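Enquirer: A single structure is presented below for examination.
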Amino acid sequence: MSIIEVRHLKTLTALRETGSLVEAAERVHLTQSALSHQLKDLEEKLGCPLFIRKTKPVRFTSAGLRLLQLADDVLLSFRSAQRDIQRFAEGESGRLHIAIECHSCYEWLMPTIDHFREHWPDVELDLSTAFGFMPLPALARGDLDLVVTSDPQDIPNIEYIPLFQYESQVALSRHHALAKKDFLTPEDFEKETLITYPVEIERLDIFKHFLNPADVSPAKIRHSELTLMMMQLVASGRGVCCLPNWALTEYTNRQYVITKSLGEEGVWCKLYLAIRKDQRENAYMEDLISTASKTCFKNLKGILAPEL
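The sequence shown: position 233 = 236 (the numbering used here), numbered continuously.
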């Protein structure tokens, strides 16, 4: 029997990802004592240490780094095989109709869908924006299978899986009169044209969490379906807009616009995947949810874990 087992590889991977024995033990559902004993036993059998004790984050030895390389290869193969077996067990065909509530979601959603198409080629996949209808009731009826939303509603049999937290920020022209302020107040919008996606204002973060509680309305509202067009309007001084911080990164990096927080503390919101509860154990749905979460944190800047 091999000295190195899959459980050892999972333990070392957890130790690398968490940086501490305590958190790694929680990750692999062991006590700290049991995890320490497992690692010590493995080191004795191998005849060399795998990491340096009392370092934070944990520093691995050359032997430990080599095992981590093995873990990355082996565990990836295990996950791929498990996914394939689930497909065989549950059938490779199905339907996944998705609706999203903002175009800016494409930045992380499209890589997720590319991955999904590769691994589930026989699942019928359809993607649409949710501007022209109410997607969550459609999800409950079975017309849709997944909705990307920041506006959860209490609807029977609908489960909301949080992806991440983001800050809603305002984009301004670099020459705007408000550009010198540290942050914006509701009253700052009383003379502004606010550019938004064409959805009900009650569903927009800036109204729900900032303007409506202060009983303030912008001077004018202008609609655009395209984020790029919104940025062009803002950069030319024809209005301001409020978008997730990660959706604005590309434009601030190129110095097209500048951003300001809503209030001194900022307005933080969550993005969710909404599905029907009876779909939660579906193999390809689980794969999509897992891939979406990983893709978000790989591709987006400025987001936080949903539990924070």
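Every residue gets a Cβ at the ideal spot worked out from N, C-alpha and C, and that includes glycine. The structure displayed is predicted, hence computed values, not measured ones.
Please determine, among D208, A84, K297, the residue with the shortest C-alpha to C-alpha distance to Y169.
Expert: As a working mapping, residue 169 is identified with position 166 in the sequence shown. Looking at the Cα atoms, D208 is the closest of the given residues.
Enquirer: Would you kindly work out how many angstroms separate the C-alpha atoms of E289 and R283, rounded to a whole number?
Expert: On the sequence shown, position 286 is the one that residue 289 refers to. On the sequence shown, position 280 is the one that residue 283 refers to. Distance between the alpha carbons of E289 and R283 is about 7 Å.
Enquirer: What are the residues that DSSP puts in a beta bridge with P159?
Expert: As a working mapping, residue 159 is identified with position 156 in the sequence shown. Bridge partners of P159: none, in fact.
Enquirer: State the Cα-Cα distance for the pair E26 and C299, rounded to the nearest angstrom.
Expert: The residue given as residue 26 occupies position 23 in the sequence shown. The residue given as residue 299 occupies position 296 in the sequence shown. Straight-line Cα distance between these residues: approximately 23 Å.
Enquirer: According to the Cβ coordinates, are F186 and S264 closer than 7 Å?
Expert: Position 183 of the sequence shown, counted from the first residue, corresponds to residue 186. Position 261 of the sequence shown, counted from the first residue, corresponds to residue 264. Result yes, Cβ atoms of F186 and S264 sit closer than 7 Å.
Enquirer: Within the continuous alpha helix (DSSP H) that includes K273, where are the two ends?
Expert: In the sequence shown, counting from the first residue as 1, residue 273 sits at position 270. Segment 270 to 279 is the beta strand (DSSP E) holding K273; no alpha helix (DSSP H) there.
Enquirer: Let me know if T115 comes out buried or exposed under the rule of 16 or more other beta-carbons within 10 Å of its beta-carbon.
Expert: The sequence position of residue 115 within the sequence shown is 112, counting from 1. Buried, by the Cβ-count rule.
Enquirer: Rounded to the nearest angstrom, what separates H32 and V9 at their Cα positions?
Expert: On the sequence shown, residue 32 is found 29 positions in, with the first residue counted as 1. On the sequence shown, residue 9 is found 6 positions in, with the first residue counted as 1. Approximately 15 Å between the Cα atoms of the pair.
Enquirer: Between H122 and I261, what straight-line distance do the alpha-carbon atoms span, to the nearest angstrom?
Expert: Counted from its first residue, the sequence shown places residue 122 at position 119. Counted from its first residue, the sequence shown places residue 261 at position 258. Going from the Cα of H122 to the Cα of I261 covers about 40 Å.
Enquirer: Using only the alpha-carbon positions, how far apart do W271 and S171 sit?
Expert: Position 268 of the sequence shown holds residue 271. Position 168 of the sequence shown holds residue 171. Whole-angstrom Cα-Cα distance: 6 Å.
Enquirer: Look up F186 in the DSSP assignment and give the residues it is bridged to.
Expert: Sequence index remark: in the sequence shown, residue 186 carries index 183 (1-based). DSSP, once it has assigned bridges, lists S264 as partnering F186.
Enquirer: For the alpha helix (DSSP H) containing I292, name the first residue and the last one.
Expert: Taking the first residue of the sequence shown as position 1, residue 292 is located at position 289. Element bounds for I292: 286 to 302.
Enquirer: Please say whether M232 and Y259 have beta carbons closer to each other than 7 Å?
Expert: Sequence index remark: in the sequence shown, residue 259 carries index 256 (1-based). Sequence index remark: in the sequence shown, residue 232 carries index 229 (1-based). Result no, Cβ atoms of Y259 and M232 do not sit closer than 7 Å.
Enquirer: Does A295 pass the burial test, meaning 16 or more other C-beta atoms within 10 Å, or should it be called exposed?
Expert: Numbered from 1 along the sequence shown, position 292 holds the residue referred to as residue 295. Answer is buried; the Cβ neighbour count reaches 16.
Enquirer: State yes or no: is the C-beta of K15 within less than 7 Å of the C-beta of L70?
Expert: Numbered from its first residue, the sequence shown carries residue 15 at position 12. Numbered from its first residue, the sequence shown carries residue 70 at position 67. One detail in the question is off: residue 15 reads as Leu in this sequence, not Lys. Going by C-beta atoms, L15 is nearer than 7 Å to L70.
Enquirer: Mapping the DSSP letters down to three states, classify S83 as helix, strand or coil.
Expert: The residue you call residue 83 lines up with position 80 of the sequence shown. DSSP places S83 in helix when its eight states are reduced to three.
Enquirer: Once you ignore the five residues that flank F192 on each side, which residues in its own chain have a CB closer than 7 Å to its CB?
Expert: Here residue 192 is taken as the residue at index 189 of the sequence shown, counted from 1. Counting only Cβ-Cβ distances below 7 Å, and skipping sequence neighbours, we find L214, V219, P221.
Enquirer: Please state if the CB of K273 and the CB of P138 are separated by a distance shorter than 7 Å.
Expert: As a first step, residue 138 must be located in the sequence shown, where it is residue number 135. As a first step, residue 273 must be located in the sequence shown, where it is residue number 270. No, the Cβ-Cβ distance between P138 and K273 is not below 7 Å.
Enquirer: Give every residue of the same chain whose Cβ lies closer than 6 Å to the Cβ of P155, excluding the five residues on either side of it in the sequence, and list them in chain order.
Expert: For this step, residue 155 is matched to residue 152 along the sequence shown. So the list reads Y163, Y275, once near-sequence residues are dropped.
Enquirer: Could you please give me the residues that DSSP links to A174 through a beta bridge?
Expert: Within the sequence shown, residue 174 is the residue found at index 171, counting from 1. Looking at the DSSP assignment, A174 forms a beta bridge with C244, T262.
Enquirer: Which residues in the same chain have their Cβ closer than 8 Å to the Cβ of E190, if we skip the five residues on either side of it in sequence?
Expert: Within the sequence shown, the letter at position 187 stands for residue 190. If we look at E190 and ignore the five residues flanking it on each side, its Cβ neighbours are A217, V219.
Enquirer: Who does V126 pair with in a DSSP beta bridge?
Expert: As a working mapping, residue 126 is identified with position 123 in the sequence shown. Per DSSP, G97.
Enquirer: What's the gap between the Cα of N248 and the Cα of V150?
Expert: What you label residue 248 is simply residue 245 of the sequence shown in a count that begins at 1. What you label residue 150 is simply residue 147 of the sequence shown in a count that begins at 1. If you take the alpha carbons of N248 and V150, they lie about 21 Å apart.
Enquirer: On the criterion of 16 or more Cβ atoms from any shown chain inside 10 Å, does A180 qualify as buried, or is it exposed?
Expert: One-based indexing of the sequence shown puts residue 180 at position 177. When all chains shown are included, A180 counts as exposed.
Enquirer: Give the DSSP bridge partners of K223, in chain order.
Expert: Numbered from its first residue, the sequence shown carries residue 223 at position 220. DSSP, once it has assigned bridges, lists T196 as partnering K223.
Enquirer: Starting from the N-terminal side, write out each stretch of the alpha helix (DSSP H) that is 4 residues or longer and does not extend beyond the stretch 21 to 84.
Expert: Entirely contained in the stretch 21 to 84, the alpha helix (DSSP H) runs reaching 4 residues are, in chain order, 24 to 30, 35 to 49.
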